[in-house]
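Asks: The structure's right below; bear with me while I get my questions together.
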Amino acid sequence: MKDNPCIRIGHLKIVDHLILGIADLQLKENETRLSHSSLETVAMNSWDQICDGLTQNDINGAFISAPIAMDLFAAGLDIRALMFTHRSGSVIVRNKTAGVGNIADFKGKTVLVPSELCVQNMLLHRLLSTAGLTFGIHDDINADVSYEVVNPFLMTQMLANDDDNDIAGLAVSEPFGSKVIQKGFAEKVCTSQSLWKNHPCSLFVLKTSFMEQYFEAAEEIISLFVQTGQYIEEAADDKILSTAHHFLEQDKDVTKTALLDSDICFDSSLLIPDIEALNIIQSYMTDTMGVLKNKIDMNLFVDSSFILNILSKARL
Numbered sequence: 006m007k008d009n010p011c012i013r014i015g016h017l018k019i020v021d022h023l024i025l026g027i028a029d030l031q032l033k034e035n036e037t038r039l040s041h042s043s044l045e046t047v048a049m050n051s052w053d054q055i056c057d058g059l060t061q062n063d064i065n066g067a068f069i070s071a072p073i074a075m076d077l078f079a080a081g082l083d084i085r086a087l088m089f090t091h092r093s094g095s096v097i098v099r100n101k102t103a104g105v106g107n108i109a110d111f112k113g114k115t116v117l118v119p120s121e122l123c124v125q126n127m128l129l130h131r132l133l134s135t136a137g138l139t140f141g142i143h144d145d146i147n148a149d150v151s152y153e154v155v156n157p158f159l160m161t162q163m164l165a166n167d168d169d170n171d172i173a174g175l176a177v178s179e180p181f182g183s184k185v186i187q188k189g190f191a192e193k194v195c196t197s198q199s200l201w202k203n204h205p206c207s208l209f210v211l212k213t214s215f216m217e218q219y220f221e222a223a224e225e226i227i228s229l230f231v232q233t234g235q236y237i238e239e240a241a242d243d244k245i246l247s248t249a250h251h252f253l254e255q256d257k258d259v260t261k262t263a264l265l266d267s268d269i270c271f272d273s274s275l276l277i278p279d280i281e282a283l284n285i286i287q288s289y290m291t292d293t294m295g296v297l298k299n300k301i302d303m304n305l306f307v308d309s310s311f312i313l314n315i316l317s318k319a320r321l
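When we follow this note's numbering, the leftmost residue of the sequence shown carries the number 6, and every step to the right adds one.
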């Protein structure tokens, strides 16, 4: 008989990954249990660290930006996307001192994003395009607006130190938008939900070798995440906020704004991977933006069988 594995899952301390944080806390407090594995969450500071963890076999899976996961799969990493970790929930904010009153005022300035391969970058590109503005990497002299990839944990500090008012704003996952607003450096432009209703962003991916060796453990951990997502949707705000505060390690006011005003959704039916939506992201970031270099067959990348089976059992 196989020993129960320890599933090491990498993540960031962002609202998009709250399912993992709350599931981990509930396990530690014996509010739920796993029969076929144990869970070890591995908090990281950047998407690059999560990529390194997966490629170097330091972690078995990750909560990860969908375009980054696509890129890793295209490069030959044997992972599968098993579920969305949320829908929507990001924010675009503007620098209060940079003279940015509307989208047209972003021209000639820089926007901070957490990765070139993130949905926030894509949505910002689409938003700027509607205003007739071109958008490119920081050293692209032909771009009307440039983006700079910055660790989200450093964005507040960068905006605070922007004495030249070169930074127009941020496009980022919560709680970092709410944090920079709470510090008085920025104001909200819009939520990502207003740009694309119920858009995907982060995925839960797992190494294929782990899934094959520990099928029951993989199924059980996905079931836990689905149940946790529905718990977040249905539980009283005060209880969720207390747990989210513990996970995010932010001020309580920041946590409250990040969770309640970001339009994030954890409804279990929306955690099923939507191949059509993922193909929209892939096509836009490949054909329009040129930041994804290779297209993948989404039917090979996505495995919805676990979550569909779990939800089917739940309805019986």
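Note that the Cβ used here is the ideal one computed from N, Cα and C, for glycine as well.
Buried or exposed for Asp292, going by 16 or more other Cβ atoms inside 10 Å?
Replies: exposed
Asks: Please look up how many angstroms separate the CB atoms of Cys206 and Val124, rounded, as I've assumed it's under 8 angstroms.
Replies: That pair is a contact at about 5 angstroms.
Asks: Using 8 angstroms as the cut-off, can you tell me whether the region 68–77 makes contact with the region 156–173, which would need three or more C-beta pairs spanning the two stretches below that distance?
Replies: no
Asks: Give the range of the beta strand (DSSP E) segment to which Gly66 is assigned.
Replies: Boundaries of the beta strand (DSSP E) around Gly66: Gly66 to Ser70.
Asks: Are the beta-carbon atoms belonging to Gln187 and Asp256 less than 8 angstroms from one another?
Replies: yes
Asks: How long is the line joining the alpha carbons of Val87 and Ser43, rounded to whole angstroms?
Replies: Checking the sequence shown, residue 87 turns out to be Leu, not Val. Each residue's alpha carbon lies about 19 angstroms from the other.
Asks: Hey, how far is the Cα of Asp149 from the Cα of Ala109?
Replies: 10 angstroms
Asks: Rounded to the nearest angstrom, what separates Ser70 and Ala222 at their Cα positions?
Replies: 23 angstroms
Asks: Arg13 and Ile55: beta carbons closer than 8 angstroms?
Replies: no
Asks: Check Met294 in the structure and name its three-state DSSP category.
Replies: Three-state result, Met294: coil.
Asks: Which whole-angstrom value describes the C-beta separation of Val96 and Lys193, a residue pair presumed to lie in contact below a C-beta threshold of 8 angstroms?
Replies: 6 angstroms
Asks: Are at least three pairs of beta-carbons, each pair with one atom in the region 152–160 and one in the region 90–106, less than 8 angstroms apart?
Replies: no
Asks: State the DSSP-derived secondary structure class of Val185, mapped to helix, strand or coil.
Replies: helix
Asks: Give the DSSP bridge partners of Glu153, in chain order.
Replies: Leu117
Asks: Per the DSSP calculation, Thr46 is bridged to which residue(s)?
Replies: Ile14
Asks: Restricting to Cα atoms, I'd like to know which of Asp8, Ser288 and Gln31 is closest to Lys2.
Replies: What is shown of the chain runs 6 to 321, which leaves residue 2 out entirely.
Asks: Just reading off the beta strand (DSSP E) that Cys195 is part of, what are its end residues?
Replies: Ala191 to Thr196
Asks: Excluding sequence positions up to five away, which residues of its chain have a Cβ less than 8 angstroms from the Cβ of Leu129?
Replies: Ile97, Val116, Val118, Phe140, Tyr152 and Ala176
Asks: What does a CB cutoff of less than 7 angstroms around Trp201 pick up in its chain, not counting 5 residues either side in sequence?
Replies: Cβ neighbours of Trp201 beyond the five flanking positions: Leu128.
Asks: Is the beta carbon of Leu122 less than 8 angstroms from the beta carbon of Val307?
Replies: no
Asks: Quick one: residues in its chain with C-beta nearer than 6 angstroms to the C-beta of Val47, no 5 flanking neighbours on either side, listed in chain order?
Replies: Arg13, Gly15 and Ile64
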